[in-house]
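Q:
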Amino acid sequence: MAWSNSHRKDRFNPGWERTRKLILERDHHQCQRWITDVDGYTRHKCLAPANEVDHIRRALDGVDDDSPGNLESLCHWHHVQKTANESAEQRKVNRERRKEAAWYSHPAYRRTAS
Numbered sequence: 001m002a003w004s005n006s007h008r009k010d011r012f013n014p015g016w017e018r019t020r021k022l023i024l025e026r027d028h029h030q031c032q033r034w035i036t037d038v039d040g041y042t043r044h045k046c047l048a049p050a051n052e053v054d055h056i057r058r059a060l061d062g063v064d065d066d067s068p069g070n071l072e073s074l075c076h077w078h079h080v081q082k083t084a085n086e087s088a089e090q091r092k093v094n095r096e097r098r099k100e101a102a103w104y105s106h107p108a109y110r111r112t113a114s
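For the record, in the sequence shown the residue sitting at position 20 is 20 according to the UniProt record's numbering, with numbers rising by one throughout.
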């Protein structure tokens with residue numbers, strides 16, 4: 001889909017570009033994602049150049065929390081990884097909901113009008 005036809009920006013609050021700029025400046029345009037070294041213990045921030053801002057906690061009921069404490073600057077690679085992980089988690093939740101709905105749609109569980 002071409003960006004000119006996308007409605008993606010419609011879900012952002014009107015001040016998103018300003019908020020995004022403030023977060024990138026606050027984080028010195030460096031990726032804030034914590035990573036663990038190969039030893040499995042040492043943690044440090046990525047600090048690669050960042051040009052994307054992401055919500056730390058996902059939206060509740062479709063409403064994003066755009067407060068500065070819930071936003072972090074990420075490099076493209078970490079943003080893609082985080083989004084992929086969140087999408088996989090949501091697909092799992094949706095799959096479980098569909099299984100449950102299918103179970104209760106069995107004729108033995110259907111309610112009939114008296």
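From the three backbone atoms N, C-alpha and C, an ideal C-beta is built for every residue, glycine too.
With burial defined as no fewer than 16 other Cβ atoms inside 10 Å of the residue's Cβ, what is the status of E25: buried or exposed?
A: Per the 10 Å Cβ criterion, exposed.
Q: Which word fits M1, buried or exposed, when buried means at least 16 other C-beta atoms lie within 10 angstroms of its C-beta?
A: Interpretation of M1 is limited by its pLDDT of 47, a score under 50 that renders its predicted location unreliable; the figure taken from the coordinates is listed afterwards. Classification for M1: exposed.
Q: Grab the span of the alpha helix (DSSP H) containing I23 for me, first residue to last.
A: W16 to R26 is the extent of the alpha helix (DSSP H) around I23.
Q: Quick check: what's the CA-CA separation for K21 versus E96?
A: Each residue's Cα considered, the two are about 38 Å apart.
Q: Taking the beta strand (DSSP E) that V38 falls in, what are its first and last residues?
A: Where V38 is concerned, there is no enclosing beta strand (DSSP E), given that its DSSP letter is neither H nor E.
Q: Kindly indicate which three-state DSSP category S87 falls into: helix, strand or coil?
A: In the structure shown, S87 sits in a helix (DSSP, three-state: H, G or I).
Q: Report the rounded CA-to-CA distance for K99 versus Q90, giving the unit in angstroms.
A: Spanning the two alpha carbons is a distance of roughly 14 Å.
Q: Determine which residues share a DSSP beta bridge with E52 and list them.
A: In DSSP, E52 forms a bridge with L74.
Q: Please classify Q81: is it buried, with 16 or more other beta-carbons within 10 angstroms of its beta-carbon, or exposed?
A: When all chains shown are included, Q81 counts as exposed.
Q: Among P68, C46 and E17, which has the Cα closest to the Cα of H78?
A: Of the listed residues, the one whose Cα sits closest to H78 is C46.
Q: Do you know offhand how far D39's Cα is from G15's?
A: Taking the straight line joining both Cα atoms gives about 42 Å.
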